[in-house]
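Just below is one structure, and these are the notes that go with it.
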Amino acid sequence: MDNIRVIEVKRSVFESNDQDAERLRGELKESKTFLLNLMSSPGSGKTTTLTRTIEALKDKYRIGVMEADIDSDVDAKTIAATGVKSIQLHTGGMCHLDADMTRQGLKELGLEDVDFAILENVGNLVCPAEFDTGSTKNAMILSVPEGHDKPLKYPLMFSICDVVLINKIDVMPYFDFDLEKCKEYIHMRNPKAKVIPICAKTGEGIEEWAKWLSENIDESIK
Ligand SMILES: Nc1nc2c(ncn2[C@@H]2O[C@H](COP(=O)(O)OP(=O)(O)OP(=O)(O)O)[C@@H](O)[C@H]2O)c(=O)[nH]1
Ligand SMILES: [Mg+2]
């Protein structure tokens with residue numbers, strides 16, 4: 009598949025990203041589009057999880073995916089193979105997207121054609137947490153090999169996410185990963201965060217994640 013659109017998104021001209029993000033949330037509400045901002049470290053399983061998520065929900069919603077990276081279009085190609093609309097955003101070397109960069113991507117996706125838009129943010133546990141993209145909900149993935157202490161080291165990321173997916177639970181026997189400790193640390197940062205253990209490789213836990221998404225999408229686009 010060689011027909012992936014690559015959009016070079018430019019840094020916001022707005023002085024206040026927070027205000028612009030609120031504006032974008034209003035625009036999304038108006039067009040009845042739910043935007044999920046999915047964040048994580050590089051390689052924790054965002055694209056694999058999205059492939060499973062799309063399989064579970066593509067008959068229910070019109071899905072569009074924005075893959076943000078510094079370079080390449082490999083993730084957008086992987087997502088396009090699932091049959092949903094997929095575009096690649098290049099950030100010009102930046103390690104996050106702001107609200108206006110997200111808006112530029114959504115324009116290419118076509119808000120009127122999408123009920124459920126997904127932004128796979130740049131792999132990084134620091135910068136993306138500092139910039140509100142205007143998303144309806146934020147989710148992050150922490151994978152087992154990264155260790156259960158990450159909520160202690162990257163507090164902001166865990167504090168802004170509505171859901172934390174704990175991925176790669178199939179490799180738990182090989183790592184000293186304490187799931188209960190991890191949940192405790194996440195809830196220290198964010199008592200309201202929903203924690204869902206998953207294995208994107210086998211599909212375990214995806215049903216619960218898809219259920220949470222459906223409930224939240226239906227609530228926001230009704
Ligand atoms: N064992 C195991 N491997 C997984 C699982 N989920 C993803 N992987 C593997 O982890 C690697 C990275 O997965 P990706 O889905 O590309 O991760 P990503 O977060 O999208 O990576 P970037 O976009 O580069 O930040 C791949 O080799 C996947 O096959 C899982 O549940 N278990
Ligand atoms: Mg990816």
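Under the numbering used here, think of the first position of the sequence shown as 9, with each following residue one higher.
We treat Cβ as the ideally placed atom computed from N, Cα and C, and that holds for glycine.
For clarity, every value in this text was computed on a predicted model and none was experimentally measured.
Taking residue i as part of the beta strand (DSSP E), name the residues at either end of that continuous run.
i      : result
GLY51  : Counting along the chain, GLY51 falls outside any beta strand (DSSP E), and DSSP gives it neither H nor E.
GLY131 : GLY131 -> no beta strand (DSSP E), and no H or E assigned at all.
ASN25  : Run containing ASN25: none in the beta strand (DSSP E); it sits in the alpha helix (DSSP H), 25–38.
Output the boundary residues of the alpha helix (DSSP H) element that contains residue i.
i      : result
ILE236 : Absent from the structure is residue 236, since the part of the chain shown begins at 9 and ends at 230.
VAL152 : Note, VAL152: premise wrong, no alpha helix (DSSP H); not H, not E.
ILE87  : 82–88
ARG3   : Since the displayed the chain opens at 9 and closes at 230, residue 3 lies outside it and no answer follows.
THR110 : 107–117
CYS135 : 135–138
State the beta-bridge partners of residue i as determined by DSSP.
i      : result
GLU75  : GLN96, GLU128
PRO163 : None; PRO163 has no bridge partner.
ILE204 : LEU173
PHE7   : There is simply no residue 7 to check, as the chain begins at 9 and stops at 230 in what is shown.
Helix, strand or coil: how does DSSP classify residue i here?
i      : result
ALA147 : strand
PRO199 : coil
ILE15  : strand
ILE168 : helix
ASP178 : helix
THR210 : coil
Please tell me whether, using a cut-off of 7 Å, the distance from the CB of residue i to the nearest non-hydrogen atom of ligand 3 is below it.
i      : result
PRO181 : Ligand 3 is not among the ligands present in this structure, which contains only ligand 1 and ligand 2.
I'd like to know whether the C-beta of residue i is nearer than 8 Å to at least one C-beta of chain B.
i      : result
VAL203 : In the displayed structure, chain B is absent; only one protein chain is listed.
Quick one: residues with CB closer than 6 Å to any heavy atom of ligand 2, in chain order, please.
-> LYS54, THR55, ASP83, GLU128
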